[in-house]
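Asks: I am attaching a structure below and will ask some questions about it afterwards.
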Amino acid sequence: MSIENLSFPVRGITTRQVKAARALLGWSQTDLAIHSKVSEPTIARLEAVDGPLRGRAETSSKILKALVEAGIEFIPENGGGAGVRLALSSALKEL
Numbered sequence: 001m002s003i004e005n006l007s008f009p010v011r012g013i014t015t016r017q018v019k020a021a022r023a024l025l026g027w028s029q030t031d032l033a034i035h036s037k038v039s040e041p042t043i044a045r046l047e048a049v050d051g052p053l054r055g056r057a058e059t060s061s062k063i064l065k066a067l068v069e070a071g072i073e074f075i076p077e078n079g080g081g082a083g084v085r086l087a088l089s090s091a092l093k094e095l
């Protein structure tokens, strides 16, 4: 899945979802910085503020693209709470 195919706007992603995605992947902020080509201090600054992922659109897109390419699926709010999950195909690769 690409970030262009998300069923909700990139700006609808929250910092909690980014942190949860990193946790599912076992990634540190350093790992995300390497995969997204966004500096670690920028990632730390973005994650420090609870709520919608803020910052430049290009930066957010790089972060989300790295997570999606690693197998993360973002789940929209839809009244049941926003979340993330590891795509089945990515989970199977780890077996």
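UniProt numbering puts the first residue of the sequence shown at 1, with every later residue one more than the last. C-beta: ideal position from N, C-alpha, C; glycine also. Remember, predicted model here, so these are calculated numbers, not experimental data.
Based on the DSSP secondary-structure assignment, which residues constitute the bridge partners of V49?
Replies: As a position in the sequence shown, residue 49 is number 49, starting the count at 1. V49 pairs with nothing; no bridge assigned.
Asks: Cα-Cα, which of L46, L86, R45 is closest to L67?
Replies: Locating residue 67 in the sequence shown gives position 67, counting from the first residue. When each option's Cα is compared against that of L67, the closest is L86.
Asks: Is the region 74-88 touching the region 42-50, taking contact as three or more C-beta pairs under 8 angstroms?
Replies: no
Asks: Would a C-beta distance cut-off of 8 angstroms place G51 and T14 closer than the cut-off?
Replies: Indexing the sequence shown from 1 puts residue 51 at position 51. Indexing the sequence shown from 1 puts residue 14 at position 14. Yes, Cβ-Cβ distance for G51 and T14 is below 8 angstroms.
Asks: From which residue to which residue does the alpha helix (DSSP H) around E58 run?
Replies: The residue given as residue 58 occupies position 58 in the sequence shown. 57-69 is the extent of the alpha helix (DSSP H) around E58.
Asks: Near L95, what residues of its chain come up, given a Cβ to Cβ distance below 7 angstroms and the 5 sequence neighbours on each side ignored?
Replies: The sequence position of residue 95 within the sequence shown is 95, counting from 1. With a pLDDT of only 49 at L95, under the threshold of 50, the placement of this residue in the model should not be trusted, and no figure is reported.
Asks: Considering R85, what are the terminal residues of the beta strand (DSSP E) in which it resides?
Replies: Stepping through the sequence shown from its first residue, residue 85 is reached at position 85. Note, R85: beta strand (DSSP E), 83-86.
Asks: In three-state DSSP terms, what is I13?
Replies: On the sequence shown, residue 13 is found 13 positions in, with the first residue counted as 1. Reduced to three states, the DSSP call for I13 is coil.
Asks: Measuring alpha carbon to alpha carbon, tell me which of L64, N78, H35, G79 ends up nearest Q17.
Replies: On the sequence shown, position 17 is the one that residue 17 refers to. Closest option to Q17, judged by alpha-carbon separation, among L64, N78, H35, G79: L64.
Asks: Under a Cβ-count criterion, where at least 16 other Cβ atoms within 10 Å of its own Cβ denotes burial, should A57 be classed as buried or exposed?
Replies: Taking the sequence shown and counting its residues from 1, the one referred to as residue 57 is at position 57. The residue in question, A57, is exposed, as its Cβ has fewer than 16 Cβ neighbours within 10 Å.
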